[in-house]
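These notes concern the structure reproduced below.
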Amino acid sequence: MYNDLSHPQCSVLTQLRTEHIGLNTYLFRFHLAPSPSCARCNVPESDHHFLLQFPSYHAHRLSLVQLLGTAHLSLKLLLSTHDAKPVLDFARDTGRFPRYSL
């Protein structure tokens, strides 16, 4: 499944799938974020919020819709697809995880 992906890509994809990624809901559990909430939206900054809701990523999400050929995005679709490249491109393009070379 991960054969064509780099180590950083595999890492981000696995972390998104397990919700163990550098978003506030995860970081807050380890006292690495002041709150589990998104600083802009005041809702939990989860993988769901990152991938499907955060308003600033709307344009990136439109590209994802075009690449996947469906307007009905869901976590199940995004994180279980065999072609993970569109989701990884989304993560890269948002700039949310600068420590990874996606």
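FYI, full-length UniProt numbering numbers position 95 of the sequence shown as 95, with every residue one higher than the one before it.
For each residue, glycine too, the CB sits at the ideal point set by N, CA and C.
Residue i and residue j closer than 8 Å at C-beta
i: D93; j: H60; result: yes
i: L75; j: L51; result: yes
i: G78; j: V87; result: Strictly speaking, residue 78 in this sequence is Leu, with Gly absent from that position. Cβ atoms of L78 and V87: closer than 8 Å.
i: F28; j: C41; result: no
i: P34; j: E45; result: no
Nearest neighbour of residue i, chosen from the options [CA to CA]
i: V43; options: V12, G95, N24, L75; result: N24
i: L49; options: P98, S6, A91, Y100; result: The sequence shown places His at residue 49, not Leu. The residue with the shortest Cα to Cα distance from H49 is A91.
i: R96; options: C38, D83, D4, S80; result: C38
i: S63; options: K85, G22, P8, Q9; result: K85
i: Y57; options: C10, D89, Y26; result: D89
Anticipated Cβ contact below 8 Å, residue i with residue j, distance rounded
i: L16; j: D47; result: 5 Å
Which full runs of the alpha helix (DSSP H) of 4+ residues lie inside the segment 20-77, going along the chain? 24-29, 58-68
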